[in-house]
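Visitor:
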Amino acid sequence: MNRVLWSLVTPEAMSVVNWPDGSVLYNARTTTTTMLTRTAGAIVARLKAGAADTDALAGLWPADDDLPLLELLDALARHGILRAAD
Amino acid sequence: MASCAQQTEALVSHRPPLSTLTPAELRRRLHSQHGLRLQLGRFVAGIRSNFDSVADGLQALYADYPVAADDDFCDYPVEVRSSGLRRYVRPQAIFRFEGTQPFKPLPGNQAVAMLEWGLNWVFTNHAQHYLIIHAAVLERDGLGLIMAAPPGSGKSTLCAALALRGWRLLSDELAMIGLDDDLLMPLPRPVSLKNQSIDIVRQLPGQPVIGPIAHDTAKGTVAHMRAPRASVEAALTPVQPRWIVFPQFAAGHALDIEAHGKAHTFMQLVSNSFNYPRLGVTGFEAMGRLVDGCDGYTARYGSLDQIVPALESICTRSA
Chain A
752 MNRVLWSLVT
762 PEAMSVVNWP
772 DGSVLYNART
782 TTTTMLTRTA
792 GAIVARLKAG
802 AADTDALAGL
812 WPADDDLPLL
822 ELLDALARHG
832 ILRAAD
Chain B
-1 MASCAQQTEA
9 LVSHRPPLST
19 LTPAELRRRL
29 HSQHGLRLQL
39 GRFVAGIRSN
49 FDSVADGLQA
59 LYADYPVAAD
69 DDFCDYPVEV
79 RSSGLRRYVR
89 PQAIFRFEGT
99 QPFKPLPGNQ
109 AVAMLEWGLN
119 WVFTNHAQHY
129 LIIHAAVLER
139 DGLGLIMAAP
149 PGSGKSTLCA
159 ALALRGWRLL
169 SDELAMIGLD
179 DDLLMPLPRP
189 VSLKNQSIDI
199 VRQLPGQPVI
209 GPIAHDTAKG
219 TVAHMRAPRA
229 SVEAALTPVQ
239 PRWIVFPQFA
249 AGHALDIEAH
259 GKAHTFMQLV
269 SNSFNYPRLG
279 VTGFEAMGRL
289 VDGCDGYTAR
299 YGSLDQIVPA
309 LESICTRSA
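Residue numbers (this note's numbering), protein chains in the order written: chain A, 752 to 837; chain B, -1 to 317.
1) According to DSSP, what are the bridge partners of Glu77 of chain B?
2) Can you give the Cα-Cα distance for Ala221 of chain B and Ala111 of chain B, rounded to whole angstroms?
3) Decide if Gly150 of chain B is buried, meaning its Cβ has at least 16 other Cβ atoms within 10 Å, or exposed.
4) Could you check the C-alpha separation between Pro275 of chain B and Ile832 of chain A for me, to the nearest Å?
5) Which runs of the beta strand (DSSP E) spanning at least 3 residues fall entirely within the segment 110 to 198 of chain B, listed in chain order?
6) Taking Ile196 of chain B as the reference, give the member of B:Cys313, B:Pro210, B:Pro186 with the closest Cα.
7) Phe244 of chain B and Thr784 of chain A - do their beta-carbons sit closer together than 8 Å?
8) Note down, in chain order, every chain B residue with its Cβ under 8 Å from the Cβ of Gly773 of chain A.
9) Would you mind reading off the limits of the alpha helix (DSSP H) that contains Leu821 of chain A?
10) Would you please verify whether the beta carbon of Phe282 of chain B is less than 8 Å from any beta carbon of chain A?
11) Which two residues bound the contiguous beta strand (DSSP E) that contains Glu256 of chain B?
12) What does the alpha-carbon distance come out to for the pair Pro771 of chain A and Pro15 of chain B?
13) Report the residues of the segment 764 to 796 of chain A with a CB closer than 7 Å to any CB of chain B, ordered along the chain.
14) How big is the Cα-Cα spacing for Gln90 of chain B and Val78 of chain B?
15) How many angstroms separate the CA atom of Ala261 of chain B from the CA atom of Ala22 of chain B?
16) Could you pull the start and end residues of the alpha helix (DSSP H) that Ile794 of chain A belongs to?
17) So with CB distances below 7 Å, who are the chain A contacts of Val78 of chain B?
18) Just to make sure I have the definition right: I need the residues of chain A whose C-beta is within less than 7 Å of the C-beta of Met183 of chain B. Which are they?
19) Along chain A, in chain order, which residues have C-beta atoms closer than 8 Å to that of Pro239 of chain B?
20) According to DSSP, what are the bridge partners of Tyr295 of chain B?
21) Looking at C-alpha atoms only, which residue of B:Ala53, B:Leu162, B:Lys102, B:Arg46 is the closest neighbour of Pro206 of chain B?
22) Buried or exposed: Phe71 of chain B, going by 16 or more other Cβ atoms within 10 Å of its Cβ?
23) Bridge partners of Asn769 of chain A, per DSSP?
24) Can you tell me the Cβ-Cβ gap for Leu185 of chain B and Ala284 of chain B, rounded? I've got them flagged as a contact below 8 Å.
25) Rounded to the nearest angstrom, what separates Lys217 of chain B and Trp757 of chain A at their Cα positions?
26) What did DSSP end up calling His213 of chain B once you bin it into helix, strand or coil?
27) Quick one, which of B:Cys292, B:Gly152, B:Ala147, B:Gly44 has its alpha-carbon nearest Val199 of chain B's?
28) Given that a residue counts as buried once 16 or more other Cβ atoms are within 10 Å of its Cβ, and exposed if not, what is Glu114 of chain B?
29) Mind checking which residues open and close the beta strand (DSSP E) that includes Arg834 of chain A?
30) With a threshold of 16 other CB atoms inside 10 Å of the CB of Leu309 of chain B, please say whether the residue is buried or exposed.
31) How would you label Pro236 of chain B, buried or exposed, when you count the other beta carbons within 10 angstroms and need 16 or more for buried?
32) Keeping to the same chain, check which residues put their C-beta closer than 6 Å to that of Val268 of chain B; ignore five residues upstream and five downstream.
33) Among all the DSSP beta bridges, which residues are the ones paired with Leu229 of chain B?
34) Helix, strand or coil: how does DSSP classify Phe272 of chain B here?
35) Which residues does DSSP list as the beta-bridge partners of Thr784 of chain A?
Set out below in structure tokens:
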């Protein structure tokens, strides 16, 4: 696993609530509300507390999830939710 | 020291119901500068109109509502009137709020419906200390049922049926959730009925009172059912929300109740909310607390005979 550091694009503008069937993210900067998978919500909630590397985020990953972690992180980055700091 | 809500309750308890006004006095107030000061939930609307049909409609639909004095504070001054020559030739109903005219005029025979639609517009656009969802709201055993749905889902017909069975009506149109206390603020007003639902509700037990009928409106034939007196009298008592149902009526459909997770319920409520985007993160947090405290369902049904007992079961079982 590489050591890319991930952070939210606008952590101060992002709020997330997590439930068993998924998470809901609110971005005050864009005034958008987005439904996320529970794992994606957990990652956003973790990054609200500060940047984290891929290894740390892997700890949030449920064993039964088929989607590779990096694919999810890339998808969240493409949607402007988080970014890789290197 | 009495709270603001207690002070309002004490004030309202001394206000006489509209039914105590003579027809002449009602018309005088509607024509006056202050308008008829009508207590609607926690709000006072100052209603002015030169339409006799509005006076008749208010007598039919708002008989139990408290009337405030001319010099009492008015939250929302509204007006439905015709003007100029159009008072005499094919009169038009013009709705005004604080000097603005938010809608195009309607034919004069739709003046009562226009007052109702105008009041809905006023509340949804100006009561911004509430999270407002397009929903019927009722109370049973002290807990609130929110039925959120777009027009045409059968929401109002179902709402009328439940109200006639003794559920307390909080609103046929607007779920108003206090941003400070997360409680449902009642705003019981007449239930809006369209087309076939008018006759369906007219035939229900519970002695529904149906007001004037307006034909050929943008929504078809429209009438309103008077809110039960007990609901009007309890209009200052807020309710803890407990159930959220998204009703979907389709003729001939078998009953199908589907439980929802909270994230899905949240997203569906957002799409039915009037002012969620305007409230920003405050609205997001209020919506989250609302969903956290409620069970969510979609209810597909083909008749009142199916859905009413199903809701009565849900709203008992999981209380």
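Note that beta-carbon positions come from the ideal geometry of N, C-alpha and C, so glycine has one too. Bear in mind the structure is a predicted one, so any value in this text is a computation, not a measurement.
Guide: Taking the structure as given:
1) Its beta-bridge partners are B:Arg46, B:Arg94.
2) Each residue's alpha carbon lies about 8 Å from the other.
3) Residue burial annotation: Gly150 of chain B is exposed, with fewer than 16 other C-beta atoms found within 10 angstroms of its C-beta.
4) Note on geometry: alpha-carbon atoms of Pro275 of chain B and Ile832 of chain A lie some 19 Å from one another.
5) Runs found: 128 to 138, 141 to 146, 166 to 169, 172 to 176, 189 to 192.
6) When B:Cys313, B:Pro210, B:Pro186 are compared, the shortest CA-CA separation from Ile196 of chain B is found for B:Pro210.
7) No, these two residues do not count as a Cβ contact at 8 Å.
8) Gly259, Ala261, His262, listed in chain order.
9) For Leu821 of chain A, the uninterrupted alpha helix (DSSP H) segment begins and ends at 820 to 829.
10) Answer yes: the Cβ-Cβ gap between Phe282 of chain B and chain A drops below 8 Å somewhere.
11) Residues 254 to 258.
12) Taking the straight line joining both Cα atoms gives about 49 Å.
13) Within the segment 764 to 796 of chain A, the residues whose Cβ lies closer than 7 Å to some Cβ of chain B are Ser766, Val768, Trp770, Pro771, Asp772, Gly773, Ser774, Val775, Tyr777, Ala779, Thr782, Thr784, Met786, listed in chain order.
14) Each residue's alpha carbon lies about 10 Å from the other.
15) Rounded to whole angstroms, Ala261 of chain B to Ala22 of chain B spans 54 Å at the Cα level.
16) Here the alpha helix (DSSP H) through Ile794 of chain A covers 789 to 799.
17) Going along chain A, no residue has its Cβ under 7 Å from Val78 of chain B, so there is no contact; the nearest lies around 35 Å.
18) Result: empty, since nearest Cβ-Cβ is about 23 Å, beyond 7 Å.
19) What Pro239 of chain B touches in chain A: nothing, since even the nearest Cβ is about 17 Å away.
20) In the DSSP output, where bridge partners are listed per residue, Tyr295 of chain B has B:Val243, B:Ala257.
21) When each option's Cα is compared against that of Pro206 of chain B, the closest is B:Leu162.
22) Under this definition Phe71 of chain B is an exposed residue.
23) BP columns for Asn769 of chain A point to A:Ser774.
24) Leu185 of chain B to Ala284 of chain B, Cβ: 17 Å. No contact.
25) Answer to the nearest angstrom: the Cα atoms are 52 Å apart.
26) His213 of chain B falls in the strand class under three-state DSSP.
27) Considering only B:Cys292, B:Gly152, B:Ala147, B:Gly44, the residue with the shortest C-alpha distance to Val199 of chain B is B:Gly152.
28) Counting the other Cβ atoms within 10 Å of the Cβ of Glu114 of chain B gives 16 or more, which makes it buried.
29) Where Arg834 of chain A is concerned, the enclosing beta strand (DSSP E) stretches over 833 to 835.
30) Under this definition Leu309 of chain B is a buried residue.
31) Counting of Cβ neighbours within 10 angstroms places Pro236 of chain B among the buried residues, the total reaching 16 or more.
32) Tyr274.
33) A small correction: the amino acid at residue 229 of chain B is Ser; Leu does not occupy that position in the sequence shown. Beta-bridge analysis with DSSP links Ser229 of chain B to no other residue.
34) Coil, per DSSP.
35) In the DSSP output, where bridge partners are listed per residue, Thr784 of chain A has A:Tyr777.
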